[in-house]
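Chains as they are written, first to last, in the working numbering: chain C, 1454 to 1742; chain Z, -6 to 317.
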Amino acid sequence: MKYLKIQRQTPAMKAFIVVFLVFFAVCAFLHVLPLLWAISNSLKTGMEYFDDNMSLPKTWQFVNYLRVFTEFEIRGFDYFNMLFNSLWMLVVSVVANVFSSAILAYPIARYRFPGKEFLYSVVIFANVIPIIGSGAASFKMIDALGMVNNPATIWLSWAGGFDFAFIIFYGNFKGISMTYSEAAKIDGASDFRVFTQIILPQAFPCITAIAIQQSFGVWNNYSRSMIYLRDYPNLAYGLYLFNTEANYIEDSKPIYFAAAIISAIPVIVLYSCSQKLILTNVTAGGLKG
Amino acid sequence: MNTTILPKKKISLYSKYEKKSFLFCYLMVLFPVVQFAVFWVGVNTSSIMLAFQDGAGAFTFDNIGAVFRAFSATGVDKYGNNLGNSMGHSLVIWLVSNGITFPISIVTTYVLFQRIHGHYFFRVCYVIPNLMGSIMFVSLIQYMVNFDGAITWFVKLIGVELPEEALRNGLFGSAETAFPTLIVINLVMGLVGNNAVLTGAFSRLPEELYESAELDGAGFWTVCFKIAIPCVWTTISMSLTFALCGVLTADANVFLYSGGTGEPNMSTIGFVLYNITYQISLTGGSPSAYGYPSALGFVLTIFTLPIVFGGRWILGKIQDAVEV
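In structure tokens, the structure reads:
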């Protein structure tokens, strides 16, 4: 595909392109500025940071990035503890949520059974009717079920299938041709086998895109650790605690910036590699005509 | 003449083949349905009941009364929140997000989708704040709006006169500048479009549509506003419907920006709700702690429902107009 699908580039259009390029470049700079600023300050000594946080480092303290693994510690948890908590929360949360949404969306999208319309209406209702302020009641419920600070069971509260992922999966499953699944059924395949061996492979790009997109949110989610899993701080919550409580550590600010950058690297790399997959597979709503 | 009425044969809505699949369907939906029943229906039912209960479980309107008192001009709740002020902030943030940044982001998403030079690089740049996560992003912004931070330096450079408090404590340290700073940050970060759902919708439009428009002599903006955007209106409408649902829950990271205090003069409803839940989680939650936040949620839900239904009605009318 050529740049800009409308090829007839008049002088006015060319001017628009220049204006947009400048606008995009300025916005890109503003979006990246905090990261650049953090990189610059992560390479300073604590003293240098407090003296002048605007200039480039005089001597580049790359050692700060190594010190993260030995000195980034808060409330008895070191970097590796928090990294492990972030990883298991990410895997468990994304798998539970994607699995739950997929197994709900599949029969509703492709089968006829009593209650199907009701379930679909409930999903839409739950997504478009705002029920506000149930956080306190939610904490009460989760506490009553013994799930607070309990990694073995807390994932049950994350495995909601009646959410936006359902809407994406519903559209995707509905768009998959019936030909293969009908042929497989004629050959004697069970419904479950059709789902796992015919449908899921075809829906794999969509499932992967949703999983990757959700993983960004989960990786950076501090509120779960803050409220429900305080004894299992993830990196996001750990960064919050370190930033607010670790001022007694020498060079705490440069180490904080270095830790934050190291934590952000996996998601930035993942997004850069999967951008096309996400943009072409996360679609919702119909097109006219 | 004798007429024999034959017994009515019961006609099933479902074929024998379909009935065989019922068990599979119900087994598939069982886990999500039970999960939803406990963590959505159960929680929200409990929330409504708690709104009308005191600490001993007896019926009361006290919690609702406390919410209305906290909405008055001078009233504050037991957590120190003035809800009228918080609601005003929430509405301003929501209006800026959806009235200014969202329409602009539709156009910028379209231009990026049209693969303007450097589109791949721009997209990665725009998503970096989201990828960094709110903890890191907010703390970096906090440092940058400090009295000696880069943003404060820039604001002074362009000739904005800052109050003494802001010069001493930074832009988030003054009641005059804290909320405007929050709005500007949200505005700047939301202007450029990297909307994945919208890009996906644009990419589903057939290539021939653009080619035939070009052959008919349509310019770039004609294609954008008269073909592409109307064609993906369902997706836009859906995004706006979801946005309507978040009219009072958008907190713009106030909890993090304000260090959990909502001060100075930054509190939003989203912040109030999150902060109360956080305070309850710190203390373990006494029986009397749940009534007030549940009542607040109940009142806000009642307040939001007409906005959502009205908004959806208007969006439906626009949809009809687009399809005519």
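No residue lacks a Cβ here, since even glycine has one placed at the ideal position from N, Cα and C. Just so you know, these numbers come straight off a predicted model, no measurement behind them.
Checking the DSSP bridge columns, you'll see Phe1530/C partnered with Ile1527/C.
Residues of chain Z whose Cβ lies closer than 8 Å to the Cβ of Val1485/C are, in chain order, Cys118, Ile121.
The shortest CA-to-CA distance from Gly193/Z to any of Thr215/Z, Gly183/Z, Trp226/Z is the one to Trp226/Z.
Rounded to whole angstroms, the separation of the alpha carbons of Pro1560/C and Met21/Z is 7 Å.
With fewer than 16 neighbouring CB atoms inside 10 Å of its own CB, Thr67/Z falls in the exposed class. Cβ contact annotation for Val1601/C (same chain, cutoff 7 Å, sequence separation greater than five): Ile1595, Tyr1681, in chain order. In this structure, Val301/Z lies near Cys238/Z, with their beta-carbon atoms less than 8 Å apart. Taking 8 Å as the CB threshold, Cys1480/C lines the interface with chain Z.
Ranked by how close their Cα comes to the Cα of Ile1663/C, the residues Ala1618/C, Asn1580/C, Ile1651/C have Ala1618/C in first place. Asn258/Z is positioned such that its CB atom lies closer than 8 Å to that of Ala168/Z.
Not a single CB atom of chain C sits nearer than 8 Å to the CB of Pro96/Z.
For Thr1733/C, the C-beta contacts it makes with chain Z under 7 Å involve Gly193, Ser196, in order along the chain. Taking one beta carbon from each stretch, the segment 65 to 83 of chain Z and the segment 1649 to 1660 of chain C have fewer than 3 pairs nearer than 8 Å; the two do not touch. Exclusion of the five residues before and after Met1535/C leaves Pro1686, Asn1687, Leu1688, Gly1691 as the residues of its chain whose Cβ lies within less than 7 Å of its Cβ.
Here Trp146/Z is exposed: its Cβ has fewer than 16 other Cβ atoms, across all protein chains shown, within 10 Å. Cβ-Cβ separation between Leu241/Z and Leu293/Z: approximately 5 Å, consistent with a contact (criterion under 8 Å). For Gln46/Z, the pairing in a beta bridge is given by DSSP as Phe52/Z. DSSP places Ile1714/C inside the alpha helix (DSSP H), whose first and last residues are 1705 to 1734.
DSSP, read as helix, strand or coil, puts Val153/Z in coil.
Contact between Ala1711/C and Val1485/C does not hold, since their C-beta atoms are separated by about 18 Å, which reaches or exceeds 8 Å.
No Cβ of chain C is located within less than 8 Å of the beta carbon of Tyr72/Z. Within a 10 Å sphere around the beta-carbon of Tyr136/Z sit 16 or more other beta-carbons, which makes this residue buried. Rounded to the nearest whole angstrom, the C-alpha separation of Phe195/Z and Lys310/Z is 22 Å. For Met259/Z, no Cβ of chain C is located within less than 8 Å of the residue's own Cβ. Taking a beta-carbon distance threshold of 8 Å, Trp1490/C counts as an interface residue toward chain Z. Cβ-Cβ distances below 8 Å link Ala243/Z to Ser83, Ile86, Trp87, Ser90, Thr261, Gly263 in the same chain, with the five nearest sequence neighbours on each side left out; the list follows chain order.
Contact of Phe218/Z with chain C is not assigned, every C-beta pair being separated by 8 Å or more. Of all residues in the segment 1537 to 1566 of chain C, those with a C-beta nearer than 7 Å to a C-beta of chain Z are Ser1553, Ile1556, Leu1557, Tyr1559, Pro1560, Tyr1564, Arg1565, Phe1566, reading in chain order. Residues of chain Z whose Cβ lies closer than 7 Å to the Cβ of Asp1596/C are, in chain order, Gly278.
Interface annotation for the segment 122 to 141 of chain Z against chain C: Pro122, Asn123, Leu124, Met125, Gly126, Ser127, Ile128, Met129, Phe130, Ser132, Leu133, Ile134, Tyr136, Met137, Asp141, criterion Cβ-Cβ distance under 8 Å. Chain order gives the chain C residues near Thr294/Z as Pro1583, Ile1584, Ile1585, Gly1586, where near means a beta carbon separation below 8 Å. With a threshold of 8 Å between beta carbons, Asp1644/C makes contact with chain Z.
Any Cβ of chain C closer than 8 Å to the Cβ of Ile99/Z would place that residue at the interface, and such an atom is absent.
The Cβ-Cβ distance between Ala206/Z and Asn56/Z does not fall below 8 Å.
In the same chain as Ile1702/C, and ignoring 5 residues on each side of it, the C-beta atoms closer than 8 Å to its own belong to Glu1524, Ile1708, in chain order.
In chain order, Ile1584, Ser1587, Ala1590 make up the part of chain C whose C-beta sits under 8 Å from the C-beta of Asn37/Z.
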